[in-house]
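Asks: If you scroll down you'll find the structure; I have some questions about it.
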Amino acid sequence: DAKTTQPNSMESNEEEPVHLPCNHSTISGTDYIHWYRQLPSQGPEYVIHGLTSNVNNRMASLAIAEDRKSSTLILHRATLRDAAVYYCILRYGNKLVFGAGTILRVKS
Amino acid sequence: DTGVSQNPRHKITKRGQNVTFRCDPISEHNRLYWYRQTLGQGPEFLTYFQNEAQLEKSRLLSDRFSAERPKGSFSTLEIQRTEQGDSAMYLCASSLGSGIPNEQFFGPGTRLTVL
């Protein structure tokens, strides 16, 4: 399984943008990059995905490097409800292969 | 609520006992997944079903573990002769079809504690 590397934790102030990095240097040409997040005491939830181009949805933006060896999840205005573990995942067949993720703390 | 539901939410058992968990996916979803999550780690894939067929099993799924989805709707995960190392959160997810993104919708999990 292709591997992703994320910082263990990050901290942000409320109402400020957050950039969550992910390295995936062994990504193959057909691997999609997925982001899920897990709020405390809940199951993971889908955030966004992309292949080559940058992507936006109502939750976040995904910026993908031109060589696809790294990507960044962008939360435009962090709120206290965004405090969660964020997982960067390279889709492998039908299963999601999670790493340890990044714990995002949001300060008010 | 039309999300994925799991029962029970918590289970405490003694080592050596058998336990069974149930997952009810979102009704129109034909794919169902089981994951296991230990403290401080991301979820680990265990197995998945398309309709009633179990199409993939992880090497993590020892012979003490069995999963079924008899009518292609709800699923059960049974652990026989539980061990303390089985203590974890067991997560179920469902999805519709197999295309990208094949977004998986997760339930709240069943937390198992083996004493």
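These protein sequences, in sequence, are chains X and E. All residue numbers for the first sequence refer to this note's numbering, where the first residue is 1 and numbers rise by one. All residue numbers for the second sequence refer to this note's numbering, where the first residue is 109 and numbers rise by one. Here a beta-carbon is modelled for each residue, glycine too, at the ideal position from N, C-alpha and C.
1) Looking only at its chain, what residues have a beta carbon closer than 8 Å to the beta carbon of E/N126, apart from the 5 residues adjacent to it on each side?
2) When you compare the CB of X/G29 with every CB in chain E, is at least one pair closer than 7 Å?
3) Any Cβ of chain E within less than 7 Å of the Cβ of X/Y86?
4) Quick check on the DSSP output: the beta strand (DSSP E) that includes E/K165 runs from which residue to which?
5) Quick one: give me the first and last residue of the beta strand (DSSP E) that E/E232 is part of.
6) Looking at the C-beta of X/P17, does it have a partner C-beta in chain E at a distance below 7 Å?
7) What does a CB cutoff of less than 6 Å around E/F129 pick up in its chain, not counting 5 residues either side in sequence?
8) Between E/Y156 and chain X, is there a C-beta pair that is closer than 7 Å?
9) Output the distance between the C-alpha atoms of X/N54 and E/F153, rounded to the nearest integer angstrom.
10) Smallest Cα separation from E/F213: which of X/K69, X/G50, X/G43, X/T102?
11) Please list the partners that X/A100 has in chain B, where partner means a Cβ-to-Cβ separation under 9 Å.
12) From what residue to what residue does the beta strand (DSSP E) around E/Q145 run?
13) For E/G217, decide whether its Cβ has a neighbour in chain X, counting only Cβ atoms nearer than 7 Å.
14) Compute the Euclidean distance between the alpha carbons of E/D132 and X/G29, then round it to the nearest angstrom.
Replies: Taking the coordinates as given:
1) As a first step, residue 126 of chain E must be located in the second sequence, where it is residue number 18. These residues qualify, in order along the chain: E186, I187, Q188, R189, T190.
2) To locate residue 29 of chain X, count along the first sequence from 1; it is residue 29. No, its Cβ sits nowhere closer than 7 Å to a Cβ of chain E.
3) Indexing the first sequence from 1 puts residue 86 of chain X at position 86. Closer than 7 Å: no.
4) The count along the second sequence starts at 1 and reaches residue 165 of chain E at position 57. Where E/K165 is concerned, the enclosing beta strand (DSSP E) stretches over 161–165.
5) Look at the range of chain E in this structure, 109 to 223, and you will see that residue 232 of chain E is not part of it.
6) If you number the first sequence from 1, residue 17 of chain X lands on position 17. No, its Cβ sits nowhere closer than 7 Å to a Cβ of chain E.
7) Along the second sequence, one-based indexing puts residue 129 of chain E at 21. Here E/F129 has L185, Y198, T218 as same chain residues with Cβ atoms under 6 Å from its own Cβ, once five neighbours each way along the sequence are excluded.
8) The residue labelled residue 156 of chain E in the question sits at position 48 within the second sequence. Yes - at least one Cβ of chain X is within 7 Å of the one on E/Y156.
9) Walking along the first sequence from the start, residue 54 of chain X turns up at place 54. Walking along the second sequence from the start, residue 153 of chain E turns up at place 45. Inter-residue distance for X/N54 and E/F153 is about 28 Å (C-alpha atoms, whole angstroms).
10) As a first step, residue 213 of chain E must be located in the second sequence, where it is residue number 105. Comparing Cα positions, the closest option is X/G43.
11) No chain B is part of this structure, whose protein chains are labelled X and E.
12) Residue numbering aside, residue 145 of chain E sits at position 37 when the second sequence is read from its first letter. Where E/Q145 is concerned, the enclosing beta strand (DSSP E) stretches over 139–145.
13) Locating residue 217 of chain E in the second sequence gives position 109, where the first residue counts as 1. By this cut-off, E/G217 is an interface position.
14) Along the second sequence, read from residue 1 onward, the residue named residue 132 of chain E stands at position 24. Along the first sequence, read from residue 1 onward, the residue named residue 29 of chain X stands at position 29. For the pair E/D132 and X/G29, the Cα-to-Cα distance works out to about 35 Å.
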